[in-house]
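Working notes for the structure below.
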Amino acid sequence: RWGRRQRVLLWGVLLAAWEAAWGQLRYSVPEEMPKGSFVGDVAKDLGLQLPALPDRGARVVSEGRTQYFSLHGKTGHLVTAERIDREQLCRLVEKCVLRCELIVEAEMQVYGIQIEITDINDNAPSFKENEMEERISETTAPGSRFPLARAHDPDSGQNSLQSLDREQAAFHELVLRASDGGDPARTGTARIRVTVLDANDNAPVFSQAEYTVRVPEDVPVGSTLVTVTATDADEGLYGQVKYSLKKETDVTSDVFHLDSETGEVTLLQNLDFEAGNYYELEVQARDGGGRFDTAKVLITVTDVNDNVPEIFVRSALSDISEDAPSGTVVALLHVQDHDSGANGELHCSLEGTVPFRLEKSYEDYYRVVTARELDREQVSEYNLTVRAADGGSPSLQSSAVLALRVLDVNDNAPVFSQERYSARLGENNAAGALVLTVRATDADWGQNARVRYRLWEGRVRGAPLSSYVSVQADTGALYALRSFDYEEVREVGLWVRAEDGGEPALSSNVSVRLLIVDENDNAPQLLYPPPAAPGGGWAGVELAPRSAEPGALVLTRWLLLAVAAVSCLFLAFLLLLLALRLRRCRRSHLLPDTSAALRGVPPTHFVGIDGVRAFLHSYSHDVSLTADSRKTQLRFSAASSCDTLPARPPLDDPAPLLAHD
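In case it helps, mature numbering (1 follows the signal peptide of the UniProt record, and there is no 0) puts the sequence shown at residues -23 to -1, 1 to 638.
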């Protein structure tokens, strides 16, 4: 079985491990240690890695203005940052414990540390007065006791006041010596002069053995807290009572004043519940003959909600990526209220509807974390207001504002202003003519929103599309690189891509349709009849039936046809005129009915020059058209006719072309 000592050691190890797991460390260090003295190996006890600890933003913070501890960056040790005087910091408490926190900014983590300041024997006992006179009546019975002034030692425990000793001297002068229990012991002395007086039969008597009073901490300075009274049945000098503090410390003398004549205890300075909530005074009433009585005054200070909650931003981000996952820590806050009870209970909250929430971290520490993913395109900046309110009545509150900028992520592709684009361009355009401008916008920011345009490569009549048109990369302006000919290309279809500058880049496409508009830029072309001789004009033959009677209508059975390679509308109009004319001829019984030959043939069969040839060939009549240089007239000749249309190689008729990728 393990002995008691081993079990205690085991429990100590388990307790230290449990405290370290919960981020709580405990150390002790004597007071008055020089700056830089070792306190504890924080890095080792918390399992933090060196030498990367300084790079992770590790630092120690303490409550109050004075920082008594710091973190050694190279060793990870907790060291003293200032010389610590226990009597100055903890003169009202027996156990002096200072608290600080280790904050690791890279992890937004906080670890609590408690350091007990142990006392050393650095103060000697002292008397309020170096010389005291004790007046004793001549009738004083042997064995009577006389209270002596107590010495004060601000040290604690064994180092505080331990014993009183007196040595008799000649002429009834006594030396009172006070010594402490330190090693080595320190002493203080006071001289006592004994004077023999006449008889003093009665000692003063207090009206109460204890005076109890409760005062709020905001009681005004100068207020009378309590009045002690003592009476003496003697007359004259022996009946006069003087009041004094039997045990007077620096604290009581600084805070309270006892009037020696009236016994009033008044307030010298403001009370602070958080600094001290209980005081015990020992008062003494002494008459003129040296007889006395003692009583206690117990003063309890009650808390008043006089401290506003404080919010300290221990660590915070200034910007965050919009794709940060939910639960990302953006700030570490320390919230405290020095009041007690309900006055010190705090409620913290975030104002407004924001995608963030507060989480309790450690004791009075809170973390501000993201509640969901952010969207910079909706909100690019946040001013988060953290509010802390206590439970007092009325409640006191304070706030802190965190400025947070949302960084852009390339999560939006460019969007064109139109679903599709189209434009009309007259043929014979100048090279470099502006056709149209496409425009796309990107909801992202900075480089991610910079849009550039380019063509999807295709081919037109066997040539690369880029030899016909180009797009300006920055503006989206589409230019014609060559002059278009309607008779060669009537329509161009292409795709334009808009691409942003993100990594990786996002893009979108839009279709563009370019229609070439015809212009009257071709002179008429004479198809039939062929010229009789080179440079000899045109010849045609008209045939009349042998059975025709005198005066009968003879139809001109050939037409001089001149076709301008301009538009299908003109050809359609020409066919319409021919059809009307032939119908009229059929009614005159001069032309055979050829409607059966045309039945079932679509009108589009006769569009274009080849269509005209087919139409004329179906009717087996000669048709010709005469025209001057730019004007065309339809005329039926009465000269002669022939029954056949000589064969002629068809002319090429360009078909509409579409460019695609």
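Ideal Cβ positions, reconstructed from N, Cα and C, are used throughout, including at glycine. Please read these numbers as outputs of a predicted model, since none were measured by experiment.
{"Asked": "DSSP three-state assignment for G216, whether helix, strand or coil", "Found": "helix"}
{"Asked": "L351 Cβ short of 8 Å to the ligand PLP heavy atom set", "Found": "Summarising the ligand content, the structure contains no ligands, and the ligand PLP is consequently not present."}
{"Asked": "Identity of the residues DSSP links to D367 by a beta bridge", "Found": "L323"}
{"Asked": "Residues that DSSP places opposite residue 654 in a beta bridge", "Found": "Nothing about residue 654 can be reported from this structure: the residues present for the chain run from -23 to 638 only."}
{"Asked": "First through last residue of the beta strand (DSSP E) which encompasses V412", "Found": "A410 to T414"}
{"Asked": "Simplified DSSP assignment, three categories, for E64", "Found": "helix"}
{"Asked": "Chain-order list of residues whose beta-carbon lies under 7 Å from that of L442 (same chain, five-residue window excluded)", "Found": "L432, E434, G435, R436, L471 and A636"}
{"Asked": "Check whether V378 and V412 have beta carbons under 9 Å apart", "Found": "no"}
{"Asked": "Cβ-Cβ separation, N406 to S460 (assumed contact under 8 Å), whole Å", "Found": "6 Å"}
{"Asked": "A20, enclosing alpha helix (DSSP H) - first and last residue", "Found": "V19 to L23"}
{"Asked": "Cβ separation of A180 and R268, assumed to be a contact under 8 Å, to the nearest whole Å", "Found": "4 Å"}
{"Asked": "Under the three-state DSSP convention, the category P332 falls into", "Found": "coil"}
{"Asked": "Residue environment, A155, which counts as buried when at least 16 other CB atoms sit within 10 Å", "Found": "buried"}
{"Asked": "Bridge partner(s) assigned by DSSP for S337", "Found": "Correcting the residue type first, residue 337 is Lys in the shown sequence and not Ser. Answer by DSSP bridge pairing, in chain order: Y343."}
{"Asked": "According to DSSP, residues forming a beta bridge with A457", "Found": "A410 and V446"}
{"Asked": "For W472, the residue or residues it bridges with in DSSP", "Found": "S488"}
{"Asked": "Endpoints, beta strand (DSSP E) assigned at S39", "Found": "A35 to S39"}
{"Asked": "K273 - containing beta strand (DSSP E), residue span", "Found": "F269 to T279"}
{"Asked": "Assigned secondary structure, T232 (DSSP; H/G/I helix, E/B strand, else coil)", "Found": "Reading off the sequence, residue 232 comes out as Val, not Thr. Helix at V232."}
{"Asked": "Rounded C-alpha distance that separates V285 from S221", "Found": "38 Å"}
{"Asked": "Inter-stretch contact (C-beta, 8 Å, three-pair minimum) for the stretch 259 to 273 and the stretch 199 to 219", "Found": "yes"}
{"Asked": "C-beta contact flag for L351 and V383 at 9 Å", "Found": "yes"}
{"Asked": "Cut-off 6 Å between Cβ atoms - residues of its own chain near residue 640, not counting five sequence neighbours on either side", "Found": "The first residue shown for the chain is -23 and the last is 638, placing residue 640 beyond what the model contains."}
{"Asked": "Residue burial classification, T347 (beta-carbon count within 10 angstroms, cutoff 16)", "Found": "buried"}
{"Asked": "D421 vs E354 beta-carbon contact at 9 Å", "Found": "yes"}
{"Asked": "Buried or exposed by the 16-neighbour rule on C-beta atoms within 10 Å, applied to N387", "Found": "buried"}
{"Asked": "Buried versus exposed, by CB contacts within 10 Å (16 or more), D130", "Found": "buried"}
{"Asked": "Cβ-Cβ separation, G89 to Y256 (assumed contact under 8 Å), whole Å", "Found": "Between G89 and Y256 the Cβ distance is about 31 Å, and since that is not below 8 Å, they are no contact."}
{"Asked": "contact_flag[the stretch 234 to 248, the stretch 296 to 310] where n(CB pairs < 8 Å) is 3 or more", "Found": "no"}
{"Asked": "Bounding residues of the beta strand (DSSP E) (the contiguous stretch that carries G199)", "Found": "Run containing G199: none; DSSP gives neither H nor E here."}
{"Asked": "For I80 and A252, the rounded distance between their alpha carbons", "Found": "27 Å"}
{"Asked": "Closest Cα partner of residue 712 within the set Q91, P31, I97 and G50", "Found": "Lying outside -23 to 638, the shown extent of the chain, residue 712 is not represented and no answer is given."}
{"Asked": "Assigned secondary structure, G318 (DSSP; H/G/I helix, E/B strand, else coil)", "Found": "helix"}
{"Asked": "CA-to-CA distance, A58 to R344, given in whole angstroms", "Found": "28 Å"}
{"Asked": "A615, buried or exposed, once every other Cβ within 10 Å from all chains shown has been counted against 16", "Found": "Unreliable placement is indicated for A615, whose pLDDT of 40 sits below 50; the coordinate value is still reported in the next sentence. A615 comes out exposed."}
{"Asked": "Y188 beta carbon less than 9 Å from that of V203", "Found": "yes"}
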